[in-house]
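J.:
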Amino acid sequence: MISLAGRDILHSWGKFIFTGIGLGLLIGVTLTMAGVYRGMVDDGKVLLDNSGADIWVVQQATLGPYAEPSSLPDDVWRSIRTMPGVAEAANITYLIMQVEKGAEDVRAMVVGITAGGPTTVGWPPFLVAGRHITRSHYEAVADVASGFQLGDTLTIRRNQYTVVGLTRRMVSASGDPMIFIPLKDAQEAQFLKDNDAILMQRRRTEDNPAFNRPGVPGLLDAVLASQASNPSVNAILVRIKPEFTAQEVAEPIRRWQRFTVYDREQMEDILVGKMIATSAKQISMFLAILAIVCAAIVAFIIYTLTMDKIREIAVLKLLGTRNRTIVGMILQQSLVLGLIGFVVGKITATFAAPLFPKYVLLVTTDSLIGFFSVQLLCVLASIVAIRMALKVDPAEVIS
Amino acid sequence: MKLPLMQRRTLSLLAVISLLLALFFYVVWRTGPMAQIAVTATTVESRSIAPALAGVGTVQARYTYKIGPTYPGRLQQLHAEVGDTVEAGQVLGEMDAVDLNDKIQAQQAAIRHAEAVMRQAQATQAFAKAQMTRYETLQRDNNASEESVAVKQQDFAVAKSTLEAANESVNRLDAELKALRAQSGNLQLIAPVAGLVVARHIDPGTTVLAGQAVVEIIDPTSLWVNARFDQVSAYGLQADLPVQIVLRSQQASHLAGRVLRVEPLADAVTEETLTKIVFDSVVSPLPPLGELAEVTVQLESLPATASIPNAAIRLVKGQRGVWKIIDERPVFTPITLGRSDLDGYVQVIDGLAVGDTVVLYNDKALTAKSRLRISKRLAGVSQ
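So the protein lines, in turn, are chains Z and E.
The first sequence finishes on residue 398 if you use numbering that gives the first Met the number 0, and the numbering steps up by one all the way, no holes.
The second sequence finishes on residue 382 if you use numbering that gives the first Met the number 0, and the numbering steps up by one all the way, no holes.
1. Going by CA-CA distance only, name the one from E:Arg8, E:Leu298, E:Ile36 that's closest to E:Arg370.
2. What residue range is occupied by the uninterrupted beta strand (DSSP E) comprising E:Ser45?
3. List the endpoints of the continuous beta strand (DSSP E) containing E:Gly92.
4. Short of 6 angstroms in beta carbon distance, which residues of its chain neighbour E:Ala226, apart from the five on each side in sequence? Order them along the chain.
5. Within the same chain, show all residues whose beta-carbon is closer than 7 angstroms to that of Z:Ala290, passing over the 5 residues directly before and after it, in chain order.
6. Ignore the nearest five residues each way along the sequence and tell me which others in Z:Phe243's own chain have a CB closer than 6 angstroms to its CB.
7. Is the separation between the beta-carbon of E:Ala292 and that of E:Val81 shorter than 7 angstroms?
8. Spell out whether any CB of chain Z is found under 7 angstroms from the CB atom of E:Phe24.
9. List, in chain order, every chain E residue whose beta-carbon is nearer than 7 angstroms to that of Z:Phe370.
10. Under a CB-based cut-off of 7 angstroms, is Z:Gln148 close to chain E?
11. By the 10 Å Cβ neighbour count, where 16 or more other Cβ atoms means buried, how is E:Asn170 classified, buried or exposed?
12. Considering only residues of the same chain and omitting the five flanking positions on each side of Z:Ser333, which have a CB-CB separation below 6 angstroms?
13. Using a Cβ-Cβ cutoff of 9 angstroms, what residues of the region 288-310 of chain Z are near chain E? List them in chain order.
14. Taking contact to mean at least 3 C-beta pairs separated by less than 8 angstroms, is the region 178-190 of chain E in contact with the region 32-48 of chain E?
15. Please report how far the alpha carbon of Z:Glu205 lies from the alpha carbon of Z:Asp220, in whole angstroms.
16. Output needed for E:Asn306: all residues of its chain with C-beta closer than 8 angstroms, excluding positions within five of it in sequence on either side, in chain order.
17. Would you list, in chain order, the members of the region 295-315 of chain E that have their beta-carbon closer than 9 angstroms to a beta-carbon of chain Z?
18. Kindly confirm or deny that the region 133-141 of chain Z and the region 326-334 of chain E touch, where touching means at least three C-beta pairs closer than 8 angstroms.
19. Residues of chain Z with CB under 7 angstroms from E:Val242, in chain order?
20. Can you give me the Cβ contacts of Z:Val232 inside the same chain, cut-off strictly under 6 angstroms, excluding the 5 residues immediately before and after it?
21. In this structure, what does DSSP give as the bridge partners for E:Phe331?
22. Round the Cβ separation of E:Leu99 and E:Arg199 to the nearest angstrom and send it over; I've been treating them as touching at under 8 angstroms.
23. Let's test the definition: count the other Cβ atoms within 10 Å of the Cβ of Z:Gly217 and tell me whether it reaches 16, buried, or not, exposed.
24. Which complete beta strand (DSSP E) runs does the region 179-255 of chain Z hold, if anything under 3 residues is left out?
25. Going by C-alpha to C-alpha distance, which of E:Val268, E:Gly289, E:Met131, E:Gln211 sits closest to E:Tyr64?
26. Would Z:Ala144 pass as a contact of E:Val380 if the rule is Cβ separation under 7 angstroms?
27. Using 10 angstroms around the beta-carbon of E:Tyr62, count the other beta-carbons present and answer buried if the total reaches 16, otherwise exposed.
28. In the DSSP assignment, what are the bridge partners of E:Ile373?
29. Taking 7 angstroms as the CB-CB limit, is E:Gly82 close to chain Z?
30. By the DSSP assignment, the alpha helix (DSSP H) with Z:Ala88 in it spans what residues?
31. With 16 as the cutoff for other CB atoms within 10 Å, does E:His253 come out buried or exposed?
32. DSSP three-state label for E:Ser25, please.
33. Does DSSP classify Z:Met108 as helix, strand or coil?
34. Please list, in chain order, the chain E residues whose beta carbon lies closer than 7 angstroms to that of Z:Ile16.
35. To which residues does DSSP link E:Arg257 through a beta bridge?
36. Which of helix, strand or coil does DSSP assign to E:Tyr344?
Given below as structure tokens:
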């Protein structure tokens, strides 16, 4: 025996399915928007995961190296390495810049990684193609999102690098793909000025009588050499020994080395709570509005569907159908509509996600929350429709 | 046969619904927490690794001769231009003598004066000696007092010393004259060796300090590359190893060279080992000094051992290892690594055997519970 709701759906199944698909697209947009938000947060988290660090040592009183500029002498890592509980310490530089790719350029975060080999803190934890950097100069590992392929040549400042490896999901907090290059090259890229600037600075120094004294022949050369050197890095990534907690290692560094130290939790707070806070709020605000609009439309659709059948319901009443059967029919129909909507929404969101330029992360919990709220919404919306249906006067059919 | 209307509708509806459901399960299967992670696998091979070290350096001259005056003065003329080839002993320029000739004349006069003084002292000494002899004879006949003899003896001693002083004074002035003459001979700037003029720091008319370089000459056959190797990857670096040199201006051509020496002093600030690399043959055209060069030192091949690409190495809970694939499940295996080469192969000393299959690339971070989908290559990566 087929239920009343089923019969009704069969009666006008085309209309029903298309309404469900329309609703599904709306739910899909909402799910995608939630994915955009989750993706933003995830960008920050993978940045921390991929660095492989347990604590970050940065310039005193800065929120570096991701949220604020930070600069440290590049030999400090040695004194950090000797602190109790430190298993590994490595210099790192981060620089967001346009990287030349043939005639175009790509926005990327150039990461300078210390020499060593795979599993050195700061190195990409895994690749999707190619190999890790083996030469200490002019090799790069790029994220696939940058569009580079193995063997491509990219230009950073005045040097050319060969792409030897590819990664996936190695991005900055703002979603820019990362390009890993050896630290010494990155220091040069970050701190070395362009040739014109260097020439101008040389000329200025030569004109300065304090530095260009006739009686002291070597002084000018010494001053020029000191201007061209760049012994700085942005942060020191520290991996701690398993028997220590992050706080136990961070505190002596903070106290005796006079640097600011962040552990994983604090870094996440900085990235998620400070860096992307406004844009995340913006997205979540939009998400809230979308959810409300979606709810209103679902309610409206269910209400309209019931109103379309108001004459039939009146006939049913005339035939002596019990109220329970009518309520069941409306409720079942709206739940099925919600189900179709959710399924279509989930499918569209999943297929649409990879098309976005930035990462869209569809979390299962979000989907489950989405499913139950859609069903709840359908029940709530059908209550209004049920009230209308129950109030209808069977005499209307005759008149 | 024509189906009843209702039945046709049911079938169409079922078709649409089953399509939707199929898509839905596909989506959940591929992207949810149950989704498989795409990986590529590689087999541990027995291969011989030829480690190589890569570094950068600058072209420098082994011998640089900085030629300048030994006394402060003004540069009078300079014949050497940058790019000139000069012979050993060639006069490159001359310093202005200023008052040196006058000083020599004054010195000669002073010597003549001292000689006159000496002659005077000789006369005095001869007279004093005669007087002393005379008084000594008188005293023997008791015609002179002992005291007057003593006075004459003292007069003689004084006159003798005065003569010695005058003599030394002449010697001193003579030596001073020689020094002035040597100085006047040193006014010429002379090339100590045959070579190429690479810098001309001072132009005529400029006052130069003692020791300041006026021109610089290099020996063009003595070019070398002052190369720097990161200390992490400098194991095995030693003299006489063959080197491939690529100059920044000639990236297509590879020049041959060899390690002349590894410097006993490393650069403590940049954490690099310094080496000197010489070219096997004279480079022509001569590369500018200071040009950047990439150098690759090829070490000897090691005996074949189990090796893996470095992309397979992972860090899990502070341990270095690989994801071994056993029955399509990943199992983390800690390994000990040996030497590596520039193509990205690493020796495995312990933890893996030849023929083991390990994860090479993966789309997402793996855990021991991940389900693997082993494919030839990962999506979005062109070969």
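A virtual CB, placed ideally from N, CA and C, is assigned to each residue, including glycine.
T.: Let me spell this out:
1. Taking the second sequence and counting its residues from 1, the one referred to as residue 370 of chain E is at position 371. Distances from the CA of E:Arg370 to each of E:Arg8, E:Leu298, E:Ile36 were compared; the closest alpha carbon is that of E:Ile36.
2. As a first step, residue 45 of chain E is located in the second sequence; it is residue number 46 there, counting from the start. Taken as a continuous stretch (DSSP letters only), the beta strand (DSSP E) holding E:Ser45 covers 44-46.
3. Within the second sequence, the letter at position 93 stands for residue 92 of chain E. DSSP places E:Gly92 inside the beta strand (DSSP E), whose first and last residues are 90-94.
4. Walking along the second sequence from the start, residue 226 of chain E turns up at place 227. Cβ within range, chain order: Gly54, Gly56, Thr274, Ile276, Val294.
5. If you number the first sequence from 1, residue 290 of chain Z lands on position 291. Taking C-beta separations shorter than 7 angstroms and ignoring five residues to either side along the sequence, the partners of Z:Ala290 in its chain run Thr29, following chain order.
6. Taking the first residue of the first sequence as 1, we reach residue 243 of chain Z at position 244. A distance below 6 angstroms between beta-carbons, with the five flanking residues on each side excluded, links Z:Phe243 to the following residues of its chain, in chain order: Gly84.
7. Here residue 292 of chain E refers to the residue found at position 293 when the second sequence is read from its first residue. Here residue 81 of chain E refers to the residue found at position 82 when the second sequence is read from its first residue. No, they are not a contact pair.
8. Indexing the second sequence from 1 puts residue 24 of chain E at position 25. Cβ-Cβ to chain Z under 7 angstroms: no for E:Phe24.
9. As a working mapping, residue 370 of chain Z is identified with position 371 in the first sequence. Within chain E, no residue comes near Z:Phe370; the closest Cβ sits about 11 angstroms away, beyond 7 angstroms.
10. Against the first sequence, residue 148 of chain Z aligns to sequence position 149. Closer than 7 angstroms to some Cβ of chain E, the Cβ of Z:Gln148 qualifies, so yes.
11. Working through the second sequence from its first residue, we reach residue 170 of chain E at position 171. When all chains shown are included, E:Asn170 counts as exposed.
12. Reading the first sequence from its first residue, position 334 is the one you call residue 333 of chain Z. The beta carbon of Z:Ser333 sits closer than 6 angstroms to the beta carbons of Ile301, Cys377, Ser381 from its chain, once the five residues preceding and following it are set aside; these are given in chain order.
13. Within the region 288-310 of chain Z, no residue has a Cβ that lies closer than 9 angstroms to any Cβ of chain E.
14. The region 178-190 of chain E and the region 32-48 of chain E do not touch, with fewer than 3 CB-CB distances between them shorter than 8 angstroms.
15. Here the question's residue 205 of chain Z lines up with position 206 in the first sequence. Here the question's residue 220 of chain Z lines up with position 221 in the first sequence. Roughly 10 angstroms between the two C-alpha positions.
16. Taking the first residue of the second sequence as position 1, residue 306 of chain E is located at position 307. First, the amino acid is wrong: residue 306 of chain E is Ser here, not Asn. Val43, Glu44, Ser45, Arg46, Ile48, Tyr344, Val345, Gln346, Val347.
17. Answer in chain order: Thr295, Pro308, Asn309, Ala310, Ala311, Ile312, Arg313, Leu314.
18. Too few Cβ pairs lie closer than 8 angstroms, so no.
19. Within the second sequence, the letter at position 243 stands for residue 242 of chain E. Simply none; closest approach about 14 angstroms.
20. Along the first sequence, one-based indexing puts residue 232 of chain Z at 233. Excluding its 5 nearest sequence neighbours in each direction, Z:Val232 has C-beta neighbours in its own chain below 6 angstroms: Leu71, Asp73, Asn90, Thr92, listed in chain order.
21. Taking the second sequence and counting its residues from 1, the one referred to as residue 331 of chain E is at position 332. Per DSSP, the beta-bridge partners of E:Phe331 are E:Trp322.
22. By 1-based counting over the second sequence, the position of residue 99 of chain E is 100. By 1-based counting over the second sequence, the position of residue 199 of chain E is 200. Beta-carbon to beta-carbon, E:Leu99 and E:Arg199 are separated by about 24 angstroms, too far to satisfy the 8 angstroms threshold.
23. Taking the first residue of the first sequence as 1, we reach residue 217 of chain Z at position 218. With fewer than 16 Cβ atoms within 10 Å of its Cβ, Z:Gly217 is classed as exposed.
24. As far as the region 179-255 of chain Z is concerned, its whole beta strand (DSSP E) runs of at least 3 residues are 234-239.
25. Position 65 of the second sequence, counted from the start, is the residue given in the question as residue 64 of chain E. The candidate whose alpha carbon is nearest that of E:Tyr64 is E:Gln211.
26. As a working mapping, residue 144 of chain Z is identified with position 145 in the first sequence. As a working mapping, residue 380 of chain E is identified with position 381 in the second sequence. No. Outside cutoff.
27. Residue mapping note: residue 62 of chain E aligns to position 63 of the second sequence, counting from 1. Counting Cβ neighbours within 10 Å, E:Tyr62 comes out exposed, since fewer than 16 surround it.
28. Here residue 373 of chain E is taken as the residue at index 374 of the second sequence, counted from 1. DSSP output for E:Ile373 lists E:Val38 as bridge partner(s).
29. For the purposes of this step, residue 82 of chain E is taken as the residue at position 83 of the second sequence. Using beta-carbon distances, E:Gly82 does not count as an interface residue toward chain Z, since no partner is under 7 angstroms.
30. Translated into the one-based positions of the first sequence, residue 88 of chain Z becomes position 89. First-last for Z:Ala88: 85-100, but that is the beta strand (DSSP E), not the alpha helix (DSSP H).
31. In the second sequence, the residue the question calls residue 253 of chain E occupies position 254. By the beta-carbon neighbour count (other beta carbons within 10 angstroms, threshold 16), E:His253 is exposed.
32. Numbered from 1 along the second sequence, position 26 holds the residue referred to as residue 25 of chain E. Just to set this straight, residue 25 of chain E is Tyr in the shown sequence, not Ser. Helix, per DSSP.
33. Working through the first sequence from its first residue, we reach residue 108 of chain Z at position 109. Here Z:Met108 sits in strand by DSSP.
34. Working through the first sequence from its first residue, we reach residue 16 of chain Z at position 17. Residues of chain E passing the Cβ test: Val15.
35. Here residue 257 of chain E corresponds to residue number 258 of the second sequence, with the count starting at 1. BP columns for E:Arg257 point to E:Pro241, E:Val277.
36. As a position in the second sequence, residue 344 of chain E is number 345, starting the count at 1. DSSP places E:Tyr344 in the strand class (E or B) of the three-state scheme.
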